[in-house]
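Participant:
Chains as they are written, first to last, in the working numbering: chain W, 385 to 515; chain S, 192 to 510.
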């Protein structure tokens with residue numbers, strides 16, 4: 385997990401987003417403990433209060449559950465929830481792209497084309513990595 | 192002189208009310224009021240000469256205010272400066288440690304002053320995270336290492352409040368990371384041991400460090416406090432609205448909450464605080480706008496727009 389301190393997205397939100405994706409991707413599985421607030425703060429070099437608030441937010445969202453005395457664990461059913469949240473994030477990124485395209489007065493067909501090209505380019509780099 | 196005043200409540204470990212310091216005819220610090228809630232970290236930012244160091248020197252009792260009230264860790268400053276010494280840690284902008292001492296000797300020297308209050312375990316933990324060689328003489332330490340030693344000496348007595356004046360200026364990236372880790376270790380160690388979390392105020396030109404360490408940001412400009420807000424709220428609610436006008440130049444009507452506006456060609460850029468859809472509607476309703484979009488800002492951009500809010504857009508002035 386990495387934090388970008390020069391990003392308009394507040395660090396609190398970056399931690400929420402990164403952990404949600406990590407749970408969706410199965411990096412942390414239901415029942416497994418996530419790093420403690422202290423470990424996470426020292427690892428990311430960010431204020432422990434910010435990590436604490438991000439964890440509490442994820443607890444309210446149902447992604448994490450508090451385990452008395454031992455910290456925070458991934459909740460049952462969290463991967464599905466996290467996947468849905470990640471999907472929202474992806475959708476948001478696409479909406480931004482579409483808005484940028486509209487601002488540049490591009491047609492829907494052109495924007496669709498840009499998406500397909502980007503997808504093919506991305507898949508190529510993926511397969512290059514694998515080979 | 193400090194005015195006789197009623198005691199302010201102590202739920203905020205750092206409290207400043209109407210603080211003013213005059214040098215000659217200039218108010219270098221001008222009517223500043225600021226409360227940093229206990230257990231939180233405040234990033235104190237401003238251009239060179241904004242009055243940050245003067246404010247900090249008054250805060251720790253090294254400089255008497257012309258006017259105003261300061262309560263630090265429950266102590267009235269500068270009156271209760273002696274009592275405050277056991278409760279606060281201070282890292283000045285130019286660390287002053289005897290140059291002939293080694294790091295270890297400097298630590299022993301300070302330990303002798305604080306006696307039983309000195310926390311060897313905390314020193315050992317933080318020294319480890321700072322990766323500091325304590326056997327070296329101070330005169331042979333790099334700028335970063337001297338500042339790290341200064342941090343160690345400021346926290347050995349386990350202070351409730353930590354005040355740092357531009358602690359990482361001039362550091363290389365590695366020294367900076369290690370210093371940040373040191374500060375975070377100081378903070379998280381208190382929490383891990385069930386002690387109340389420390390209250391921290393640090394001034395900095397590195398807005399990346401402020402983003403990482405701070406709960407709230409205070410911007411000082413020409414001696415005045417422009418704002419003090421939780422960092423997430425500031426980033427979430429300050430936006431830049433970019434509007435393309437149908438012709439140039441023309442008179443524009445800026446919405447309520449405008450921090451700064453500027454023109455480049457037909458592009459009108461308005462930075463607003465407390466962003467809401469009403470401000471977008473206002474711009475659309477009162478101006479001849481052909482295109483409009485709303486952008487998020489980095490802390491760096493928010494800071495620039497606030498401190499430049501009073502200069503006129505040059506393109507418009509020339510038109």
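Heads up, the beta-carbon is just placed ideally off N, CA and C, and yes, glycines get one too. Everything numeric in this text was worked out from a predicted model, so none of it was measured.
#1: Which residues, in chain order, does the stretch 423–453 of chain W contribute to contact with chain S at a C-beta distance below 7 Å?
#2: Under a Cβ-count criterion, where at least 16 other Cβ atoms within 10 Å of its own Cβ denotes burial, should residue 239 of chain S be classed as buried or exposed?
#3: Rounding to the nearest angstrom, what Cα-Cα distance links residue 373 of chain S and residue 477 of chain S in this structure?
#4: Mind checking if residue 409 of chain S is an interface residue toward chain W, Cβ cutoff 8 Å exclusive?
#5: By how many angstroms is the C-alpha of residue 463 of chain S removed from the C-alpha of residue 452 of chain S?
#6: So, is residue 287 of chain S buried or exposed, given that buried needs 16 or more other C-beta atoms within 10 angstroms?
#7: For residue 214 of chain S, count neighbouring C-beta atoms within 10 Å of its own C-beta (all shown protein chains included) and say buried if the count is 16 or more, exposed if not.
#8: Could you say which of S:438, S:222, S:378 and S:209 lies nearest to residue 459 of chain S if we only look at CA atoms?
#9: Name the chain S residues that come within less than 8 Å of residue 495 of chain W, Cβ to Cβ?
#10: Return the chain-ordered list of same chain residues with a C-beta closer than 8 Å to the C-beta of residue 291 of chain S, the five sequence neighbours on each side being excluded.
#11: Contact check, residue 279 of chain S vs residue 251 of chain S under 8 Å by CB: the rounded distance?
#12: Ignoring anything shorter than 3 residues, give me the beta strand (DSSP E) runs that lie fully in the stretch 380–420 of chain S, in order along the chain.
#13: Contact between the stretch 262–274 of chain S and the stretch 422–433 of chain S: three or more CB pairs below 8 Å?
#14: Using a Cβ cut-off of 8 Å, pull out every chain S residue sitting near residue 483 of chain W, in sequence order please.
#15: For residue 293 of chain S, collect the residues of the same chain with a Cβ closer than 7 Å to its Cβ; drop the 5 residues on either side in sequence, then sort them by chain order.
#16: Nearest to residue 414 of chain S by CA position, among S:318, S:218 and S:338, is which residue?
#17: With a threshold of 8 Å, are at least 3 pairs of Cβ atoms found where one atom belongs to the stretch 380–387 of chain S and the other to the stretch 416–430 of chain S?
#18: Using a beta-carbon distance below 8 Å, is residue 468 of chain S in contact with chain W?
#19: Compute the Euclidean distance between the alpha carbons of residue 480 of chain S and residue 496 of chain S, then round it to the nearest angstrom.
#20: Please go through the same chain and pick out, in chain order, the residues whose beta-carbon is closer than 8 Å to the beta-carbon of residue 339 of chain S, but skip the five residues on each side of it.
#21: How far does the beta strand (DSSP E) with residue 490 of chain W in it reach, from first residue to last?
#22: Going along the chain, which residues of its own chain have a beta-carbon closer than 6 Å to the beta-carbon of residue 392 of chain W, five neighbours each way excluded?
#23: I need the boundaries of the alpha helix (DSSP H) containing residue 405 of chain W, first residue and last residue.
#24: What is the rounded straight-line gap between the Cα of residue 441 of chain W and the Cα of residue 400 of chain W?
#25: Would you say residue 478 of chain W reaches chain S, if we count a Cβ-Cβ gap shorter than 8 Å as a contact?
#26: Which class does residue 239 of chain S belong to by DSSP, given the choice of helix, strand or coil?
#27: Figure out for me which residue from S:487, S:405, S:499 and S:377 has the closest Cα to the Cα of residue 435 of chain W.
#28: With the cut-off set at 8 Å, would you say residue 212 of chain S and residue 249 of chain S are in Cβ contact?
#29: Closest to residue 500 of chain W by C-alpha separation, out of W:396, W:449 and W:478, would be which residue?
#30: Mind checking which residues open and close the alpha helix (DSSP H) that includes residue 316 of chain S?
#31: By DSSP, does residue 192 of chain S sit in helix, in strand, or in coil?
#32: Jot down the residue ranges of each uninterrupted beta strand (DSSP E) in the stretch 221–286 of chain S, minimum 3 residues, whole runs only, in chain order.
#33: Relative to chain W, which residues along the stretch 378–402 of chain S have a C-beta separation below 7 Å, given in chain order?
Facilitator: In short:
#1: 425, 426, 429, 430, 431, 432 and 433
#2: Within the second chain, residue 239 of chain S is the residue found at index 48, counting from 1. Label assigned to residue 239 of chain S: exposed.
#3: Here residue 373 of chain S refers to the residue found at position 182 when the second chain is read from its first residue. Here residue 477 of chain S refers to the residue found at position 286 when the second chain is read from its first residue. Approximately 52 Å between the Cα atoms of the pair.
#4: As a first step, residue 409 of chain S must be located in the second chain, where it is residue number 218. No - not a single Cβ of chain W is within 8 Å of the one on residue 409 of chain S.
#5: Against the second chain, residue 452 of chain S aligns to sequence position 261. Against the second chain, residue 463 of chain S aligns to sequence position 272. Going by the C-alpha atoms only, they are around 9 Å apart.
#6: Taking the second chain and counting its residues from 1, the one referred to as residue 287 of chain S is at position 96. Label assigned to residue 287 of chain S: exposed.
#7: Here residue 214 of chain S is taken as the residue at index 23 of the second chain, counted from 1. With fewer than 16 Cβ atoms within 10 Å of its Cβ, residue 214 of chain S is classed as exposed.
#8: Taking the second chain and counting its residues from 1, one reaches residue 459 of chain S at position 268. Ranking S:438, S:222, S:378 and S:209 by Cα distance to residue 459 of chain S puts S:438 first.
#9: Stepping through the first chain from its first residue, residue 495 of chain W is reached at position 111. At a beta-carbon threshold of 8 Å, none of the residues of chain S lie near residue 495 of chain W; the nearest stands roughly 16 Å away.
#10: Against the second chain, residue 291 of chain S aligns to sequence position 100. So the list reads 328, 329 and 330, once near-sequence residues are dropped.
#11: As a working mapping, residue 279 of chain S is identified with position 88 in the second chain. As a working mapping, residue 251 of chain S is identified with position 60 in the second chain. Their Cβ separation, rounded to whole angstroms, is 7 Å, which keeps residue 279 of chain S and residue 251 of chain S in contact under 8 Å.
#12: 390–394 and 407–412
#13: no
#14: Counted from its first residue, the first chain places residue 483 of chain W at position 99. What residue 483 of chain W touches in chain S: 484.
#15: Position 102 of the second chain, counted from the first residue, corresponds to residue 293 of chain S. Same-chain partners within the cutoff: 325, 326, 327 and 328.
#16: Along the second chain, read from residue 1 onward, the residue named residue 414 of chain S stands at position 223. It is S:218 whose Cα lies nearest to the Cα of residue 414 of chain S.
#17: no
#18: For the purposes of this step, residue 468 of chain S is taken as the residue at position 277 of the second chain. For residue 468 of chain S, the answer is no, since every Cβ of chain W falls outside 8 Å of its Cβ.
#19: Locating residue 480 of chain S in the second chain gives position 289, counting from the first residue. Locating residue 496 of chain S in the second chain gives position 305, counting from the first residue. If I take the Cα positions, the gap works out to 22 Å.
#20: Numbered from its first residue, the second chain carries residue 339 of chain S at position 148. 321, 323, 366, 369, 370 and 373, listed in sequence order.
#21: Against the first chain, residue 490 of chain W aligns to sequence position 106. Here residue 490 of chain W belongs to no beta strand (DSSP E), and DSSP marks it neither H nor E.
#22: Start at 1 with the first residue of the first chain, and residue 392 of chain W comes out as number 8. Excluding positions up to five away in sequence, the list is empty.
#23: One-based indexing of the first chain puts residue 405 of chain W at position 21. Element bounds for residue 405 of chain W: 395–408.
#24: By one-based count along the first chain, residue 441 of chain W stands at place 57. By one-based count along the first chain, residue 400 of chain W stands at place 16. About 8 Å.
#25: In the first chain, counting from the first residue as 1, residue 478 of chain W sits at position 94. Chain S contact via Cβ: absent.
#26: What you label residue 239 of chain S is simply residue 48 of the second chain in a count that begins at 1. Three-state DSSP puts residue 239 of chain S in coil, outside helix and strand.
#27: Position 51 of the first chain, counted from the start, is the residue given in the question as residue 435 of chain W. Selected option, being the one with the closest Cα: S:405.
#28: By one-based count along the second chain, residue 212 of chain S stands at place 21. By one-based count along the second chain, residue 249 of chain S stands at place 58. Going by C-beta atoms, residue 212 of chain S is nearer than 8 Å to residue 249 of chain S.
#29: Looking up residue 500 of chain W in the first chain gives position 116. When only C-alpha atoms are compared, the closest one is W:478.
#30: The residue labelled residue 316 of chain S in the question sits at position 125 within the second chain. Unbroken alpha helix (DSSP H) run through residue 316 of chain S: 311–321.
#31: Mapped onto the second chain, residue 192 of chain S falls at position 1. Below a pLDDT of 50, predicted positions are generally treated as unreliable, and residue 192 of chain S, at 40, falls in that range; no measurement from the model is reported.
#32: 232–236, 258–263, 266–268 and 279–282
#33: 378, 379, 382, 383, 399 and 402
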